[in-house]
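Heads up: take any position in the sequence shown, counting from 1, add 6, and you land on the numbering used here. Here's the structure we're looking at; comments come further down.
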Amino acid sequence: MRSMRKMWRPAVITLAAALGLSCTADLALAQSLSRPADPAWNVPQVSALPYDEQGNLIRRGFDLVSATYAHIGPAVADPAKRYAGNNLACTNCHLHAGTKKFGIPLWGLWDEFPAYSARLGAEITIEDRVNSCMERSMNGKPLPVDSPEMKAFAAYIRFLSTGVKRGEKLSGLGAGKMPFLNRAANPDRGKLVYARACAVCHGPEGRGVPRSRAEMTLGYLNPPLWGPDSFNDGAGMARLTDAANFIHFNMPNGTSYNHPYLSQRDAWDVAAFVISQPRPKKAGLDKDFPDLLRKPVDAPYGPYADDFDQKQHQFGPYGPIERALARLKARNPDGVPNPAR
Ligand code: HEC
Ligand code: HEC
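Right, here's the structure in full:
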C-alpha cells in the first residue's frame, strides 16, 4: 500500500496543480488514496478474441462503442449511416468502452434484458435500450434491429457478460448512488465548481475539444457537456441524479469511484449547472412514463403525479417529493395514468 501511495502522490499533485486546487483538497485526495480498492473484476478482453466471424462482430461492436462518431455519426460520408445526431461516442459516458465500475458499465447486462421500462410502460429488449440512448444521449435515430450495427452492439454487450450467471447482479452497475441533498442543488455555486474543475477540459462554454476542427468524424478529445452537439433534454445524463453521481464517481476524467475527487455537495451543484445549460430538445417528452407514479423524482419535464413544480423536480430537494409520492402510491395502487398519452 505504501509503495502505491508513493507512486500515486506525484500524479495527484500534478493533477491538483493543473486544476489549481488548494493544498487541503490535495491532502484529502492523497489520504483517500490509501483506502484499499475493491478487487478487479474479470472484464473479458476484445483483443484476445480470434479473428473469426464472431470475434470480428464483437470487435465491430467495440469500435462502435468507442468511436461511434466515426461509424454512425452525423458527419460520416454515407448519409444512410448517419444515425447519431451528435459526435459523441458511447464510451464518453459508458467509460472504458463500458467496462468501468460506476462509469455506467455495459458489463453483465445481457441477462437483465428483456426488462421492464417505466418510461415506456412495457418490456424492452437490449436493442430497445441501445436505441433509447441513440435517440436521447446521441440525439439521433433508432438503429434498425436487424442492421449490422445493432447486431454488433448486441454482440459486444453480450460478450461483456461472458461468465456472468443468470440472475447474478454485478456490483458497480450504473453511476453510483450518493444520498440526496436536503436542499435544492445550486447551479450558481455549480458554475464556480465548473470553472475550477471542469472548464480546463470541457471548455468555458461547455463545447468540449474536438480532435480536429475540420473533421468531425474524429470525434472529441473532451466531449461537449451542453450546446448543439450534446445529449438532448430527454437523456439520462440530463437528469440531476444521473449527472451528479456520474460526475462524483468519474470526473475529472480518470477519477475512480473509490477515490472521488469532488465533494458530494460540489458534484450535485456542478451537475445542476451543467443540466441547466441549453441543449437539443426532444419532442414528445410529456408522453414518457404512462404511470406517473413510476416517473423518477428528478425527471426535469412534466407532467407529474404530485404538486411540486418543474424546478423542484429538476434540482431538488427530493425528500418532500419522495414522501408525497409514497402517500400517492398508498392511495393509488393501480398507478396514476399520464394525461398526455
Ligand atoms: C451522454 C451520456 C451517454 C451516452 C453518450 C450514451 N449513453 Fe447509454 N446510458 C446513459 C445513462 C445516463 C444511462 C442510464 C444509467 C442508469 O440507468 O443508471 C444509460 C444506459 C444505457 C444502457 C442500459 C444500462 C443499464 O445499466 O441498464 C445501455 C445498454 C446503453 N446505455 C447503451 C448505450 C450505447 C450503445 C450508446 C452509444 C450508441 C450509449 N448508451 C450512449 C448515458 C449515455
Ligand atoms: C482531465 C480532463 C477532464 C476534466 C477536468 C473533466 N472531464 Fe468530464 N470528461 C472528460 C473526458 C475525456 C470525457 C469522456 C471520457 C471518455 O470518452 O473516456 C468526459 C466525460 C464527461 C461527461 C459525460 C460525457 C458528456 O459529453 O456529457 C460528463 C457529464 C462530464 N465529463 C462532466 C464533467 C464535469 C462536470 C467536470 C468537472 C467536475 C469534468 N467533467 C471534468 C475529461 C474531463
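Glycine is no exception: its CB is placed at the ideal position from the N, C-alpha and C atoms.
From this set, the options, which residue's C-alpha is nearest residue i's C-alpha?
i, options, result
"PRO302", "ILE327, TYR200, PRO339", "ILE327"
"LEU112", "LEU101, GLU211, ALA128, GLN51", "LEU101"
"ALA273", "VAL206, ALA220, ASP117, LEU246", "LEU246"
"TRP116", "TYR75, LEU179, GLN60", "LEU179"
"PRO230", "SER143, SER262, GLY341, VAL170", "SER143"
"ASN188", "PRO323, LEU334, PRO296", "PRO323"
"ILE281", "LEU126, PRO306, GLY260, ALA124", "PRO306"
"GLN183", "PRO266, GLY308, ILE78, PRO309", "It should be noted that the sequence gives Lys, not Gln, for residue 183. Of PRO266, GLY308, ILE78, PRO309, the residue nearest in Cα terms is PRO266."
"LYS197", "TYR263, GLY212, PRO343", "GLY212"
"MET243", "GLY169, CYS99, VAL49", "CYS99"
"GLU3", "MET156, ASP152, LEU176", "There is no way to answer for residue 3, as the model of the chain reaches only from 7 to 347."
"PRO169", "LYS317, PRO50, LEU126, ALA203", "Correcting the residue identity first, residue 169 is Gly in this sequence and not Pro. Checked all of LYS317, PRO50, LEU126, ALA203; the closest Cα to GLY169 is PRO50."
"GLU1", "GLY114, ASN259, HIS208, ALA205", "Look at the range of the chain in this structure, 7 to 347, and you will see that residue 1 is not part of it."
"LEU126", "LEU334, ARG300, THR261", "ARG300"
"ARG195", "VAL151, GLY240, ARG271", "ARG271"
"PRO150", "ILE78, ALA83, HIS319, VAL206", "ILE78"
"HIS208", "ARG135, ALA332, LYS171, ASN259", "ASN259"
Go through its chain and collect everything with a Cβ distance to residue i's Cβ below 8 Å, but skip five positions before and after it.
i, result
"ALA181", "PHE108, GLY109, ILE110, ASP248, ASN251, PHE252, PHE255, ASN256"
"ARG337", "none"
"PRO148", "TYR89, ASN137, MET140, GLU141"
"PRO154", "ARG66"
"GLN283", "GLY212, LEU231, TRP232, GLY233"
Assuming the contact rule is C-beta atoms closer than 8 Å, residue i and residue j should be a hit. Round their C-beta distance to whole Å, please.
i, j, result
"LEU166", "GLY233", "In fact, because the Cβ distance is near 31 Å, the residues do not count as touching under 8 Å."
"LYS287", "ALA346", "Contact flag wrong, Cβ pair sits at about 16 Å."
"PHE314", "ALA191", "Not confirmed; about 15 Å, so no contact."
"TYR122", "GLU129", "6 Å"
"ALA54", "PHE295", "Not quite, the Cβ-Cβ distance comes to about 42 Å (not below 8 Å), so this is no contact."
I'd like the list of long-range same chain contacts for residue i, defined as Cβ closer than 6 Å, with 5 residues on each side in sequence excluded.
i, result
"TYR200", "VAL276, PHE279"
"ALA330", "ASP312"
"LEU63", "ALA158, ALA161"
"THR97", "VAL71, SER72, ALA103"
"LEU224", "ARG217, SER218"
"LEU298", "ALA311, VAL342, ASN344"
"PHE186", "TYR324"
"PRO193", "ALA278, PHE279, SER282"
Looking only at its own chain, which residues have a Cβ that is under 7 Å from the Cβ of residue i, when we skip the five neighbours before and after it?
i, result
"ASN145", "GLY91, ASN92, PHE237, ASN238, PRO286"
"GLY308", "ASP292, GLN316"
contact_flag[the region 82-96, the region 226-241] where n(CB pairs < 8 Å) is 3 or more: yes
At least three beta-carbon pairs within less than 8 Å, the region 159-177 to the region 65-74: yes
Validate contact between the region 79-90 and the region 212-219 using beta carbons, cut 8 Å, 3 pairs: no
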